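Undergrad:
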RNA sequence: CGGGGCGUGGUGUAACGGCUAACAUGCUUGCUUUGGGAGCAAGUGACUCCGGGUUCGAAUCCCGGCGCCCCGACCA
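In this note's numbering, the protein residues as written are 1 to 478.
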């Protein structure tokens, strides 16, 4: 472990250090020898697996199927869509040599798979009867980013990318928004992260997209995190890759496409939303381990009885589908408590001589730190209810926090002040990209999204003074 | 690529240009312990990142490398 003393910098002192300390203390990940790449350790990967499992089930419910496409993309594929190549050119890794010789055509390591998938889709699709085509892929992608940050921005990352083809523009748009909604539900129900849905301004749009919808979340330092995106690609890629079909009226038409994805970045968001200065805090629904039973053994006579009881309680909980483990290591209790706290296990049950005598267990919850003695007979019900409580409490806390950080301003002075203070600011914007760029230049704030919840109201742009029809959300972001 | 910081036992740190490079922690062994990071004892462990220079003398000062971290531009 990077930091054996496991001291965590308080959030108030240095947010970045706090974030890295939590990751180290919970043993989630570390940087690899290849700069910018990340090694995800078992503890961290377990979280990813849980995310995959839950999302996969949600995708299947809306008829999306999994497939896998190659890691390598012929360079010419990328060049076919103008905005796409311009957007990704600076950050792609290219293989020029293989098999001991120079390749005739360089191979790009996928930064995303639109191009290679759509080349294939064009062969799969003949008529409107082949539509909609709904494909998802779990994969790694590589983007040579300038500055890495564990989970939030690494050179190689794991993600899920969904790609669909539709007969009509409306259907594609609907699908893009449907997947966005699924991300929202997943974020809020499972990760307990409240999110805002909206559409990106042109300058923040995905390279090659017609519209980019997004899911934005707010972290404990007030910065925004793009949690996920869903793009309505229009016919841009279809035209570039010849994704055509014979329509109902017997004419050839280009498909309407979408793509959508979430990545290991979500783990970063999870950490920054819930964790505290003692370490990781995991919502029960995503925790690899929901309950840890720590034995407290004073002398050898009690050892067997305590362990037996722990095993018994553990089996009751397992029967209810609760993920539980017993820590019977022969070390002092405090050491165990601190360790599981750092790792974010939602509920800790302590079992010692006194509990055995009273037929009780001592229960501590990670989110509030609250400790109570509970009856061993009711342990299953109590723990199940507590897990639910923790899930709800974490979400409510995050919602309250977001509310606290949201501001509505009408003057440039207030805008600058609130952005400085690390808030999410609702403000009028005239829609001019140059004004947007100027605001970014002066305050480091970007338009996170034009929220779906935007109320249409006349106003004047905070920067240019020109008329505006509604407020957009500005914030500093990761 | 720019700005800042830092390289000393496994880890975290200390040491005015001057004694055998110190302290904490870890690890090993033994005993005693166990309801919030235990105690005692003995042991283990560092060419002070590399290369040069200044000096009677360098972890310390100078020059040059290399590496790491943070901040910014870029981004899921």
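We treat Cβ as the ideally placed atom computed from N, Cα and C, and that holds for glycine.
Given the structure is predicted, the values throughout are model-derived calculations rather than measurements.
Is it buried or exposed, residue 118, if we count other Cβ atoms within 10 angstroms and call 16 or more buried?
TA: So residue 118 ends up on the buried side.
Undergrad: With C-beta atoms as the reference, is residue 252 less than 8 Å away from residue 220?
TA: No.
Undergrad: Output yes or no for whether 8 Å exceeds the beta carbon distance between residue 151 and residue 268.
TA: Going by C-beta atoms, residue 151 is nearer than 8 Å to residue 268.
Undergrad: Leaving out the 5 sequence neighbours to the left and right, which residues in its chain are closer than 8 Å to residue 120 when beta-carbon positions are compared?
TA: Excluding positions up to five away in sequence, the list reads 69.
Undergrad: Would you say residue 162 and residue 259 are within 8 Å of each other, going by their C-beta atoms?
TA: The answer is yes: Cβ separation under 8 Å.
Undergrad: Do residue 34 and residue 122 have their beta-carbon atoms positioned less than 8 Å apart in this structure?
TA: No, these two residues do not count as a Cβ contact at 8 Å.
Undergrad: Name the two residues that bound the continuous alpha helix (DSSP H) containing residue 116.
TA: Where residue 116 is concerned, the enclosing alpha helix (DSSP H) stretches over 114–124.
Undergrad: Does the beta-carbon of residue 17 have 16 or more other beta-carbons within 10 angstroms, so that it is buried, or is it exposed?
TA: Per the 10 Å Cβ criterion, exposed.
Undergrad: Hey, which unbroken runs of the beta strand (DSSP E) at 3 residues or more fall wholly within the segment 391–416?
TA: List check, beta strand (DSSP E) in window: 406–408.
Undergrad: Determine, using beta-carbon pairs with one atom in the segment 373–384 and one in the segment 328–340, whether at least three such pairs fall under 8 Å.
TA: Contact fails: fewer than three Cβ-Cβ distances are below 8 Å.
Undergrad: Can you tell me which of 323, 275 and 112 puts its alpha carbon nearest to the alpha carbon of residue 229?
TA: That would be 112, whose Cα lies nearest to the Cα of residue 229.
Undergrad: Considering residue 257, what are the terminal residues of the beta strand (DSSP E) in which it resides?
TA: From DSSP, the beta strand (DSSP E) with residue 257 extends over 256–263.
Undergrad: Going by the CB atoms, is the gap between residue 472 and residue 429 shorter than 8 Å?
TA: In this structure, residue 472 lies closer than 8 Å to residue 429 by Cβ.
Undergrad: Residues in the same chain with beta-carbon distance under 8 Å from residue 32, minus the five sequence neighbours each way, listed in chain order, please.
TA: Closer than 8 Å at Cβ, skipping near neighbours: 38 and 39.
Undergrad: For the alpha helix (DSSP H) holding residue 518, just list the boundary residues, first then last.
TA: Residue 518 is absent from the model: the chain starts at 1 and stops at 478.
Undergrad: Out of 52, 211 and 357, which one is the CA nearest neighbour of residue 302?
TA: For the residues 52, 211 and 357, the minimum Cα distance to residue 302 belongs to 357.
Undergrad: Can you list, in chain order, the residues of its chain whose CB lies under 6 Å from that of residue 461, leaving out five sequence neighbours each side?
TA: 428, 429, 430 and 468.
Undergrad: Buried or exposed for residue 453, going by 16 or more other Cβ atoms inside 10 Å?
TA: The residue is exposed, with fewer than 16 neighbouring Cβ atoms inside 10 Å.
Undergrad: Which residues share a DSSP beta bridge with residue 159?
TA: Note: residue 159 sits in a beta bridge opposite 139 and 263.
Undergrad: In three-state DSSP terms, what is residue 104?
TA: Residue 104: strand per DSSP, three-state reduction.
Undergrad: Let me make sure I understand the geometry here. Which of 288, 156 and 48 has the alpha-carbon closest to that of residue 323?
TA: Among 288, 156 and 48, the Cα nearest to that of residue 323 is on 288.
Undergrad: Using three-state DSSP, classify residue 3 as helix, strand or coil.
TA: Reliability fails at residue 3, whose pLDDT of 38 lies under 50, so the model's placement of it is uncertain and no value is given.
Undergrad: Could you tell me how far apart the beta carbons of residue 195 and residue 216 are, in whole angstroms, since I believe they sit closer than 8 Å?
TA: Contact holds; Cβ gap of about 6 Å.
Undergrad: Rounded to whole angstroms, what is the Cα-Cα separation between residue 475 and residue 448?
TA: Taking the straight line joining both Cα atoms gives about 6 Å.
Undergrad: DSSP on residue 359, reduced to helix/strand/coil?
TA: Coil at residue 359, not helix or strand.
Undergrad: By how many angstroms is the C-alpha of residue 92 removed from the C-alpha of residue 99?
TA: Going from the Cα of residue 99 to the Cα of residue 92 covers about 21 Å.
Undergrad: Does the distance from the CB of residue 391 to the CB of residue 285 come in under 8 Å?
TA: For residue 391 and residue 285, yes; Cβs fall inside 8 Å.
Undergrad: Would you call residue 405 buried or exposed, if buried means 16 or more other Cβ atoms sit within 10 Å of its Cβ?
TA: By the neighbour-count rule (16 or more Cβ atoms within 10 Å), residue 405 is buried.
Undergrad: Considering Cα atoms alone, identify which of 145, 386 and 305 is closest to residue 157.
TA: Minimum Cα distance to residue 157 is reached at 145.
Undergrad: Residues in its own chain within less than 6 Å of residue 108 by CB, not counting five upstream and five downstream?
TA: The residues are 73, 75, 78, 92 and 94.
Undergrad: Just tell me which of 261, 282, 337 and 359 has its CA closest to the CA of residue 371.
TA: Here the closest residue by C-alpha is 337.
Undergrad: Alpha carbon to alpha carbon, how far is residue 28 from residue 50?
TA: If you take the alpha carbons of residue 28 and residue 50, they lie about 14 Å apart.
Undergrad: Express the C-alpha separation of residue 160 and residue 187 in angstroms, rounding to a whole number.
TA: Their Cα atoms are separated by approximately 15 Å.
Undergrad: By the three-class DSSP mapping on this structure, what secondary structure does residue 66 have?
TA: DSSP places residue 66 in strand when its eight states are reduced to three.
Undergrad: Out of 130, 143, 129 and 128, which has the shortest C-alpha to C-alpha gap to residue 110?
TA: For residue 110, the nearest C-alpha among the options comes from 143.
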